[in-house]
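Novice: Position in the sequence shown (first residue = 1) + 13 = the numbering used here.
Here it is: the structure, laid out below.
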Amino acid sequence: MANGERPLVLAHRGARLQAPENTVPAFLLALELGADGVELDVRATADGVAVCIHDGRLERTTNGRGPARQHVWSELRALDAGGWFAPAFRGTRLCTLAEALAALRDARLVNVELKGRPRSGHGWEERIVQNVQESGMESRVLFSSFQLTPLLRLKRLGCTRLAWLHGPGVPWQVAVAVAGLLHLEGLHPHRRACTARYVREAASRGIRVIPWTVNDLAEARRLAGFLVAGLITDRPAEVREALRTHR
């Protein structure tokens, strides 16, 4: 990120403190709150559809039971994905990646995190790429994952906007080496791993850094001072205002 530019503010799973996470209402509200874009999670259904859901199991965020990957999309789309959050959201449905992208046409960036290990034989990565191509948002969709295998598969399919997610225990030397070796666009470190040197060393190699999940406003300002490319946060409105007044 160039000096003087504000980092992008990405709403973590949408506006998840005000609406049920990873749903269209949460995505739309995030943009209304001033987020530049969103971070969302996708998993494969039993029939290879990319559905927006964080957990591997359904119980926490829907009225369903069992692993999401054991259900076909026609079963998942019938679930209530909002009643757990608040009565006003009862009847909110899970959405596919294609539906999420349609709702996020005005976003500057959509960070799609790939979750889990889909069953083989469905061409899941190919379908994800097709979803993005059909949305016309190729330049604004960034894929990330804790696992390198799906990133390599997407790379072979021609995707260039790829980032490795990692936790707080990964040294910058390892992270930068991995991103450089695989020619990844970005690194998404846990906020505690994101030091000034981490960002500086990554930037010197053309690697964009977007830490997660940054909810403390003082920390957001400190990381912005390191010239990170973006911040993933549960508090998009507050973080954006903190960065505005910090400039």
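Positions of the beta carbon are idealized from the N, C-alpha and C atoms, including for glycine.
Can you tell me which of Leu-114, Leu-195, Leu-30, Asp-93 puts its alpha carbon nearest to the alpha carbon of Leu-161?
Specialist: The residue labelled residue 161 in the question sits at position 148 within the sequence shown. Residue Leu-195 is the option with its Cα nearest to Leu-161.
Novice: In the DSSP assignment, the alpha helix (DSSP H) including Ile-141 goes from what residue to what residue?
Specialist: As a first step, residue 141 must be located in the sequence shown, where it is residue number 128. Its alpha helix (DSSP H) spans residues 137 to 148.
Novice: Could you check what DSSP says for Ala-115 in three-state terms: helix, strand or coil?
Specialist: For the purposes of this step, residue 115 is taken as the residue at position 102 of the sequence shown. Of the three classes helix, strand and coil, the one that applies to Ala-115 here is helix, per DSSP.
Novice: Can you give the beta carbon distance from Ala-81 to Leu-71, rounded, assuming they're within the 8 Å contact cut?
Specialist: For this step, residue 81 is matched to residue 68 along the sequence shown. For this step, residue 71 is matched to residue 58 along the sequence shown. Yes, they are in contact, since the Cβ atoms of Ala-81 and Leu-71 sit about 6 Å apart, within 8 Å.
Novice: Taking the alpha carbon of Gly-238 as the reference point, which residue from Arg-248, Val-222, Pro-249, His-67 has its own alpha carbon closest?
Specialist: One-based indexing of the sequence shown puts residue 238 at position 225. The shortest C-alpha separation from Gly-238 is found at Val-222.
Novice: Any contact of the segment 158 to 173 with the segment 87 to 96, i.e. 3+ C-beta pairs under 8 Å?
Specialist: The segment 158 to 173, when compared against the segment 87 to 96, does not touch it at the 8 Å Cβ threshold.
Novice: Across which residues does DSSP place Asn-261 in a beta bridge pair?
Specialist: Nothing can be reported for residue 261, as the shown portion of the chain is limited to 14 through 260.
Novice: So Trp-86 is in the alpha helix (DSSP H); what residue range does that whole segment cover?
Specialist: Locating residue 86 in the sequence shown gives position 73, counting from the first residue. Segment 86 to 89, the alpha helix (DSSP H) holding Trp-86.
Novice: Would you decide whether Asp-60 is buried or exposed? Buried here means 16 or more other CB atoms lie within 10 Å of its CB.
Specialist: The residue you call residue 60 lines up with position 47 of the sequence shown. Burial call: exposed.
Novice: Distance check for Arg-248 and Leu-53, CA to CA, integer angstroms please.
Specialist: The residue given as residue 53 occupies position 40 in the sequence shown. The residue given as residue 248 occupies position 235 in the sequence shown. Taking the straight line joining both Cα atoms gives about 15 Å.
Novice: Starting from the N-terminal side, write out each stretch of the beta strand (DSSP E) that is 3 residues or longer and does not extend beyond the segment 173 to 257.
Specialist: As far as the segment 173 to 257 is concerned, its whole beta strand (DSSP E) runs of at least 3 residues are 175 to 179, 199 to 202, 243 to 246.
Novice: Just reading off the beta strand (DSSP E) that Ala-63 is part of, what are its end residues?
Specialist: Taking the sequence shown and counting its residues from 1, one reaches residue 63 at position 50. Segment 63 to 65, the beta strand (DSSP E) holding Ala-63.
Novice: When the Cα of Gly-188 is compared with those of Arg-166, Ala-215, Leu-114, which residue comes out closest?
Specialist: In the sequence shown, residue 188 corresponds to position 175, counting from 1. It should be noted that the sequence gives Ala, not Gly, for residue 188. Ranking the options by Cα distance to Ala-188, first place goes to Ala-215.
Novice: Taking the alpha carbon of Thr-58 as the reference point, which residue from Val-227, Gly-96, Gly-79, Ala-209 has its own alpha carbon closest?
Specialist: Your numbering for residue 58 matches position 45 in the sequence shown. With distances taken between Cα atoms, Thr-58 lies closest to Gly-79.
Novice: Check Thr-109 in the structure and name its three-state DSSP category.
Specialist: Sequence index remark: in the sequence shown, residue 109 carries index 96 (1-based). In this structure, Thr-109 counts as strand in the three-state DSSP scheme.
Novice: Should Gly-50 go down as buried or exposed, given a rule of 16 or more other Cβ atoms within 10 Å for buried?
Specialist: Along the sequence shown, one-based indexing puts residue 50 at 37. Its Cβ being crowded by 16 or more others within 10 Å, Gly-50 is buried.
Novice: Compute the distance between the beta-carbons of Leu-114 and Ala-94, then report whether it is under 8 Å.
Specialist: Working through the sequence shown from its first residue, we reach residue 114 at position 101. Working through the sequence shown from its first residue, we reach residue 94 at position 81. For Leu-114 and Ala-94, no; Cβs fall outside 8 Å.
Novice: Measuring alpha carbon to alpha carbon, tell me which residue in Phe-156, Gly-69, Phe-40, Arg-169 is nearest Arg-118.
Specialist: As a first step, residue 118 is located in the sequence shown; it is residue number 105 there, counting from the start. Checked all of Phe-156, Gly-69, Phe-40, Arg-169; the closest Cα to Arg-118 is Phe-40.
Novice: May I have the straight-line CA-CA distance separating Ala-242 from Ile-220, to the nearest angstrom?
Specialist: Mapped onto the sequence shown, residue 242 falls at position 229. Mapped onto the sequence shown, residue 220 falls at position 207. Rounded to whole angstroms, Ala-242 to Ile-220 spans 9 Å at the Cα level.
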